[in-house]
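Colleague: With the numbering used here applied, the sequence shown has no gaps in its numbers, which climb one by one up to 167 at the end.
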Amino acid sequence: MLNTTEIKSLIASGEGYNVEFKKSIPSKVKEITEEICAFANASGGVLFIGVDDNNVIQGVSFNNAKRSALQNSINELTPALHCEIYTIQIDAKDVVVIEVPSGANKPYVLSGAIYVRQGPNSQKLTTV
Numbered sequence: 040m041l042n043t044t045e046i047k048s049l050i051a052s053g054e055g056y057n058v059e060f061k062k063s064i065p066s067k068v069k070e071i072t073e074e075i076c077a078f079a080n081a082s083g084g085v086l087f088i089g090v091d092d093n094n095v096i097q098g099v100s101f102n103n104a105k106r107s108a109l110q111n112s113i114n115e116l117t118p119a120l121h122c123e124i125y126t127i128q129i130d131a132k133d134v135v136v137i138e139v140p141s142g143a144n145k146p147y148v149l150s151g152a153i154y155v156r157q158g159p160n161s162q163k164l165t166t167v
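#1: Just verifying my parser: in three-state terms, what is the DSSP assignment at E70?
#2: Quick check on DSSP: helix, strand or coil for L149?
#3: Using beta-carbon positions only, say whether S141 and S82 come within less than 9 Å of one another.
#4: Nearest-angstrom Cα distance between K105 and T117?
#5: Spatial neighbours of K47 within its chain, please: CB distance less than 8 Å, with the 5 preceding and 5 following residues excluded, ordered by chain position.
#6: Residues in its own chain within less than 6 Å of R3 by CB, not counting five upstream and five downstream?
#7: Quick check: L109 and I153, are their CB atoms within less than 9 Å of each other?
#8: Can you tell me whether S150 is buried or exposed, with buried defined as 16 or more other CB within 10 angstroms of its CB?
#9: Please name the residue or residues paired with K47 in a DSSP beta bridge.
#10: Note down the Cα distance separating E45 from L164, rounded to an integer number of angstroms.
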């Protein structure tokens, strides 16, 4: 689990190969799982929900229903992958942190597709 200082440093550094920001939880939580899949197929990474693309902490509400929906989506990854998911308060705003390890059993697949990191972006592979 990252501490507040480490998280602030990562946010200040901006998005990159191992860091992704989402301003909010999308209505399709699969979008988050695609990012997780890409990190697992790369060298791991950290996803921050509640931070916009300009490195500004917006905060986010992460209730049990959203947590459950996200966990169910992550459970669709093949092979199974354990991510650390927690909420931390920074500047009186809640930020969801998802720490994704570099997968030990690559490639990780979501709904029949493989996602990879290309610089600061996640891409769906079209050919294998």
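In this text, a Cβ means the ideal position worked out from N, Cα and C, and glycines have one as well.
Modeller: Let me lay it out:
#1: helix
#2: L149 falls in the strand class under three-state DSSP.
#3: The Cβ atoms of S141 and S82 sit closer than 9 Å to each other.
#4: 21 Å
#5: I129
#6: Residue 3 falls outside the range modelled here, since the chain spans only 40 to 167, and no answer is possible.
#7: no
#8: exposed
#9: Paired residues: none, contrary to the question.
#10: Roughly 32 Å separates the two Cα atoms.
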